[in-house]
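The structure under discussion appears below in the form of C-alpha cells.
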Amino acid sequence: MPVNLASIRIVIAGQAVYGAVEVRIEQVGYFAADRFSVRLAVGHEPLAGLSFYAALNLQMIVIEAAMTADGYTKLLTGQVDQVQIDLAVNEVILSGRDLAARLIDAEISDSFINQTSSQIAEQLANRFGLMPNVTATTTPVGQYYQIDHARSGLGLNSRFSTAWNLLVQLAQLENYTLSVQGTILNFAPALVGDAVVVPLTSCIDAEIVVTAALPVGATVKSWNTQNKAVITKMAGNQTGTMTTLIRPNLSSIQAQALATGHLAALGRHETTLTLRLPGELTIRPNMQIVFQGTDSNIDRSYMVDAVVREIDVSHGFVETIRAHANVIE
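To get this note's numbering, take the position in the sequence shown, counting from 1, and add 205.
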C-alpha cells in the first residue's frame, strides 16, 4: 500500500529552521508527555549552523506538517531536551517532550490548604506558563485535619515530588484525563466525540492481542482520619480475580472514583489493537475509532491510547495507532 506524503515545518525559539529530513512524534494518552525526535541536515541557512544547534538549551520547538496546499497542522509544541550532532554526515537530531516537561521536571513541596483538584491544577498551570483548560471540581482533596483539607506535593516516604505527579494523583482521584496540548493544560473528564472509521483495507499492517488473565474487579481501601473509619469501595465484578489498592486519607467519593478509574486502566490491556497505516493528521489519543473489515467480533469500537507519526522526506508519512477495545458500545 502506498504511503502518504507530507511537508515539515520546524520553528525553534521563534525562528524557522530548514533541512528537516525525518520527524517522529509519539502522542500518548496515559499521564505522560508526548515525545519527539527531529533529524535535520545542517548548513541550509547561516542562522542555523552547528553553533546554533550546539548552543540549544531547553528551547521551545514547534513541529508542523502539511499534506495539502490548505496549510500546516501543528503536531507538537515542546522543549528540546537533547541535541545529537553527527559531524560525519553534518546532521543533527533533536529530541524532547511536549510542555508537560515543565511540570514533570519541577519539584514542589507546597501544601494546598482547603483547595479542590481543579484549583490546584489552575495554579500549577499558571505557575509554569500554561493556559488552564480545567473543569471545576468541588471536593477539597488530600489529608483530613479536622475541618482542613490539604494536599502536599510531598509524596509518602519521599523527600519531594513533582508538579506532574501531583496532578496525576488528582486526575486519578477525580477520574479525569490529564494532558498538555500546545501551551494548554487539560484537566477534565474524558470526552468521547464522533468515532473515526478505520477499515482494514486502509491499513499497511494490523494486529490484535487478547489477554485473558486480568483482574475483573478493583477494591480501594482507605482510612479516613476525620471520621476514624475504614473506607472500602469496589468496582467491577466481585466474583473473579480482584486487585486491591490501599491509599491513605481518601473520602468515600474519592475511593470509589479511584476504584473505577483503576479498573478502567486495567481494561486497556484486555484487548489491544495495533494498526499501521498511511499517515493522517486527525486521530489523537483518547479519540474513538471503529475498526471494520474482518467480519468478526474484532470489528468494533476502540479507544486510542497512542499515535506514533513518522515523516520521512524520502519514504513518506506513516503512522502507528495503539488502541484498546471500548467497553462502552
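Beta carbons are placed, not taken as given, at the ideal position from N, Cα and C, and that holds for glycine.
{"query": "Given residue 381 as reference, the closest of 506, 462, 449 once Cα atoms are compared", "result": "462"}
{"query": "In DSSP terms, what residue 525 is bridged to", "result": "481, 513"}
{"query": "Three-state secondary structure (DSSP) of residue 276", "result": "coil"}
{"query": "Spatial neighbours of residue 281 in its chain, beta-carbon cut-off 7 angstroms, leaving aside the 5 residues before and after", "result": "230, 239, 241, 268, 303"}
{"query": "Every unbroken alpha helix (DSSP H) within the segment 293-348, with a cutoff of 4 residues, ordered by chain", "result": "306-309, 322-332"}
{"query": "Residues sharing a beta bridge with residue 428, DSSP", "result": "435"}
{"query": "Member of 344, 387, 489 whose CA lies at the smallest distance from the CA of residue 318", "result": "344"}
{"query": "C-beta atoms of residue 397 and residue 324 nearer than 8 angstroms", "result": "no"}
{"query": "Per-residue burial, residue 234 [other beta carbons within 10 Å of its own, 16 or more giving buried]", "result": "buried"}
{"query": "Own chain, CB closer than 6 angstroms to residue 538, minus 5 neighbours either side, in chain order", "result": "It is not possible to answer for residue 538, since the shown part of the chain is limited to 206 through 534."}
{"query": "Residue from 471, 283, 270 whose Cα sits closest to the Cα of residue 521", "result": "270"}
{"query": "Candidates 259, 215, 327, of which the one nearest residue 392 by Cα", "result": "327"}
{"query": "Boundaries (first-last residue) of the alpha helix (DSSP H) holding residue 374", "result": "368-379"}
{"query": "Reduced DSSP category for residue 253 - H, G, I as helix; E, B as strand; rest coil", "result": "helix"}
{"query": "Beta-carbon proximity check, residue 509 vs residue 490, cutoff 8 angstroms", "result": "yes"}
{"query": "Buried versus exposed, by CB contacts within 10 Å (16 or more), residue 255", "result": "exposed"}
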